[in-house]
Amino acid sequence: MAFDSLLLSVLACPICKGSLVWHTHPDTKAPELVCKFDRLAFPVLGDAPILIEQKARSLLLAEYEQVK
Ligand SMILES: [Zn+2]
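So in our numbering, spot 34 of the sequence shown is number 630, and the numbers just go up one at a time.
Below is the structure:
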């Protein structure tokens, strides 16, 4: 993974501007960036996080519990 914690620290949720945490999609194992406040998971394509609200998916409650 090309991201380091420094880069992650400058990424922010496009909706609430909050911090994001790494998450792995339980089915596809694809990396995602999660906003815990909005309970949304943003996809990461290659090295590029897609921080667009329309591209995000809502986390299931069970997934949300895992990233708390
Ligand atoms: Zn947010």
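C-beta: ideal position from N, C-alpha, C; glycine also.
By the DSSP assignment, the beta strand (DSSP E) with residue 658 in it spans what residues?
Premise fails: residue 658 lies in the alpha helix (DSSP H), 657 to 663, not in any beta strand (DSSP E).
Report task. Using only the heavy atoms of ligand 1, determine whether one of them is closer than 7 Å to the beta carbon of residue 638. Result -> No, the Cβ of residue 638 stays beyond 7 Å of every heavy atom of ligand 1.
For this session: Can you tell me the Cβ-Cβ gap for residue 651 and residue 633, rounded? I've got them flagged as a contact below 8 Å.
Result: Residue 651 to residue 633, Cβ: 18 Å. No contact.
| When burial is assigned at 16 or more other CB atoms within 10 Å of the CB, is residue 627 buried or exposed? | Residue environment: residue 627 is assigned as buried (16 or more neighbouring CB atoms within 10 Å of its CB, all protein chains considered).
Residue 619: first and last residue of the uninterrupted beta strand (DSSP E) it sits in: In the DSSP annotation of this structure, the continuous segment of the beta strand (DSSP E) that includes residue 619 starts and ends at 617 to 620.
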